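Read left to right, the sequence shown gives residues 1 to 59 (full-length UniProt numbering).
Ideal Cβ positions, reconstructed from N, Cα and C, are used throughout, including at glycine.
All values reported here derive from a predicted model rather than from experimental measurement.
Data block below; observations after.
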Amino acid sequence: MISISAGMNGKSKINKTKQNKIFCFVIETERRLINTKLLLILITKLLGNVLSFRTLSVS
1 MISISAGMNG KSKINKTKQN KIFCFVIETE RRLINTKLLL ILITKLLGNV LSFRTLSVS
């Protein structure tokens with residue numbers, strides 16, 4: 001892969017930068033998804049606790 005002709009060298013560099021940008025974008029989106037999932041889990045747990053507390057106080 002390293003032994004590419006001089007004419008192809010510039011193109012491969014451009015492709016690498018594009019791939020790096022896409023890779024970074026994918027990592028960012030995955031991080032955001034994980035963060036939102038964690039937030040949703042925390043919110044649902046808090047809501048569950050509040051609801052269970054309310055049902056206990058009602059009964």
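Whose C-beta lies closer than 6 Å to the C-beta of residue i among residues of the same chain, with five residues either side of it excluded?
i   : result
C24 : none
Here's a check: name, in chain order, each residue in its chain whose Cβ is nearer than 8 Å to the Cβ of residue i, leaving out the five neighbours to either side.
i   : result
T36 : none
For residue i, count the other beta carbons within 10 Å of its own beta carbon; 16 or more makes it buried, fewer makes it exposed. Which is it?
i  : result
M1 : Its pLDDT being 43, under 50, M1 is placed unreliably in this model, and the coordinates cannot settle the point.
Could you check whether the Cβ of residue i sits closer than 6 Å to any heavy atom belonging to the ligand MG?
i   : result
G48 : No copy of the ligand MG occurs in the structure displayed, which carries no ligand at all.
Minimum length 3: unbroken beta strand (DSSP E) runs contained in the region 10–36: Taking only runs of at least 3 residues, no beta strand (DSSP E) segment lies wholly in the region 10–36.
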